[in-house]
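Undergrad: Mind having a look at this structure? Questions to follow.
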Amino acid sequence: MDLDKLKTTDGLDLSGKRVLVRADLNVPAKNGVVTDATRLERVVPGLKSLASRGARVIVLSHFGRPKDGPDRENSLAPVAAELGKLAGLPVALAPDCVGDAAGSAVTALPNGGIIVLENTRFHKGEEKNDPEFTKALAALGDIFVNDAFSAAHRAHASTEGLARLLPAYAGPLMMEEINALRKALENPKRPVAAVVGGAKVSTKIPVLTNLSAKVDKLIIGGGMANTFLLAGGLEIGRSLAEPDLVETAREIMHAAKSRSCEIVLPQDLVVAERFEAGAPARTVLTTDVEPADMILDVGPKAVGHYVDVLSRCETLLWNGPLGAFEIAPFGEGTFALARAAAERTKAGTLVSVAGGGDTVAALNAAGVTDDFTYVSSAGGAFLEWLEGRELPGVAALAK
Ligand code: AMP
-13 MDLDKLKTTD GLDLSGKRVL VRADLNVPAK NGVVTDATRL ERVVPGLKSL
37 ASRGARVIVL SHFGRPKDGP DRENSLAPVA AELGKLAGLP VALAPDCVGD
87 AAGSAVTALP NGGIIVLENT RFHKGEEKND PEFTKALAAL GDIFVNDAFS
137 AAHRAHASTE GLARLLPAYA GPLMMEEINA LRKALENPKR PVAAVVGGAK
187 VSTKIPVLTN LSAKVDKLII GGGMANTFLL AGGLEIGRSL AEPDLVETAR
237 EIMHAAKSRS CEIVLPQDLV VAERFEAGAP ARTVLTTDVE PADMILDVGP
287 KAVGHYVDVL SRCETLLWNG PLGAFEIAPF GEGTFALARA AAERTKAGTL
337 VSVAGGGDTV AALNAAGVTD DFTYVSSAGG AFLEWLEGRE LPGVAALAK
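Residue numbers (our numbering): -13 to 385.
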């Protein structure tokens, strides 16, 4: 995959063109009300820009996990309404994404108009990347714009299939995400630090393996650090850990060492006997965890050490919280490191790129999201990119 081959619609005459845009409108919603419109806010400028160039903008997206065809709960109706509000334009919803209903809605769409087609996952052909279904989608557009980086790790009809049937372009949000990741991984200002946290090491093995070959410092925190502590022969009490992965943790440490990547583990920890808000917590050295303890955050010494390591780095990539940040006081380690990274970024001495659902939630809770160089709206796709995998939705655009 040659990312330099990605094309955008810049310079194209789009007047009157039917532009099929794959967006990620899969936002959190409850009882028909969108509860977090961040993803919509990010996709709106790209849609408005196409509309202002006279394009007929036809938006495709999946929403939720419908099991057996259409159902009210997974209808994009409230999302289309919210999108219209944010865009300040009327945005109608076509009752289907293929067939006559979609066709007549598209025919009626004027130049500069935006329409959302109903949930692509109401059809089995979407996730199967079925050629007939993809053809039916393609019949609705003259060109395809994929602006859904966060869905690009899936080879579905609306993400990968369409790019093979229509002239295909990367949308502005897609380009933003890819450029931010390339800046941090392909040709970064060195030294580069990666912070990898989160619950379990099992979900992050490929990320750790790939990053250890690319970054200079690999800072490990969160529940997954416990397996590394265990690998070092330390007591971790009743903490979350995966003892069957102790050998894997050793292999990762070994591989990192042979590639001159320093693995940075916590020097102290915040422990409690119960995993609940307000549980009495203690800060202990990594060597002093008691059998009844649960490790729920990294301690202040660990944060000080991480900040020190970071102060000698020019680029930061971050995925995964350093502790159980949703429950006070176990977010303090994550918040403190996030604030330090934000300060350095604001001072212009650090390029900071973060992504993943929990990471974004933690940065939001720390109030620093806007101070990072780039915060990705993607979860799975961000992680797969960090694993060094080719995302089918991106590869199809870069062919
Ligand atoms: P992940 O989805 O793997 O990035 O994991 C994120 C989750 O890890 C968050 O819900 C955190 O609460 C949780 N987490 C982080 N550190 C710990 C820890 N020490 N013990 C238990 N859960 C943790």
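We put the beta carbon where it would ideally sit given N, CA and C, even for glycine.
Keep in mind the model is a prediction, meaning the values are calculated, not measured.
Taking C-alpha atoms, which residue in Glu59, Leu123, Gly223 lies nearest to Gly85?
TA: Closest by alpha carbon: Leu123.
Undergrad: Measuring from the CB of Ile191, is there a heavy atom of ligand 1 at a distance below 8 angstroms?
TA: The answer is no for Ile191.
Undergrad: Alpha helix (DSSP H) containing Met280: first to last residue?
TA: Note, Met280: premise wrong, no alpha helix (DSSP H); beta strand (DSSP E) at 280 to 284.
Undergrad: Alpha carbon to alpha carbon, how far is Ser144 from Lys3? Give it in angstroms, no decimals.
TA: Near 19 angstroms, if we compare the C-alpha coordinates of Ser144 and Lys3.
Undergrad: Exposed or buried, which one is Ser38 when buried takes at least 16 other CB atoms within 10 Å?
TA: Exposed.
Undergrad: Enumerated in chain order, which unbroken segments of the beta strand (DSSP E) with a length of 3 residues or greater are wholly contained in the region 62 to 149?
TA: Fully enclosed beta strand (DSSP E) runs of 3 or longer: 77 to 80, 100 to 103, 129 to 132.
Undergrad: Around the Cβ of Gly184, are there at least 16 other Cβ atoms within 10 angstroms (buried) or fewer (exposed)?
TA: By the 10 Å Cβ count, Gly184 comes out buried.
Undergrad: Tell me whether Gly341 is buried or exposed, calling it buried when 16 or more other Cβ atoms sit within 10 Å of its Cβ.
TA: Buried is the call here.
Undergrad: For Ile281, verify whether its CB is less than 8 angstroms away from any heavy atom of ligand 1.
TA: Ile281: yes, Cβ under 8 angstroms from ligand 1.
Undergrad: Check for me: the beta strand (DSSP E) holding Arg245 runs from which residue to which?
TA: Segment: none, Arg245 is in no beta strand (DSSP E) and carries neither H nor E.
Undergrad: Quick one: is Glu163 near chain C, going by C-beta distance under 9 angstroms?
TA: This model lacks chain C altogether, as it is built from one protein chain only.
Undergrad: Going by DSSP, name the residue or residues bridged to Asp254.
TA: DSSP output for Asp254 lists Leu271 as bridge partner(s).
Undergrad: Looking at the strands, I want to know which residues DSSP matches up with Trp304.
TA: Val181, Ala340.
Undergrad: On the premise that Val7 lies in contact with Leu26, defined as a C-beta separation below 8 angstroms, what is that separation, rounded to the nearest angstrom?
TA: Wrong, their Cβ atoms sit about 13 angstroms apart, outside the cutoff.
Undergrad: Could you tell me the alpha carbon to alpha carbon distance between Val187 and Trp371, rounded to whole angstroms?
TA: Roughly 17 angstroms between the two C-alpha positions.
Undergrad: In this structure, how does DSSP classify Leu6 when only helix, strand and coil are distinguished?
TA: Note: Leu6 maps to strand in three-state DSSP.
Undergrad: Run through DSSP, which three-state label would Ile387 get?
TA: Because residue 387 is not part of the residues shown, which for the chain are -13 to 385, the question remains open.
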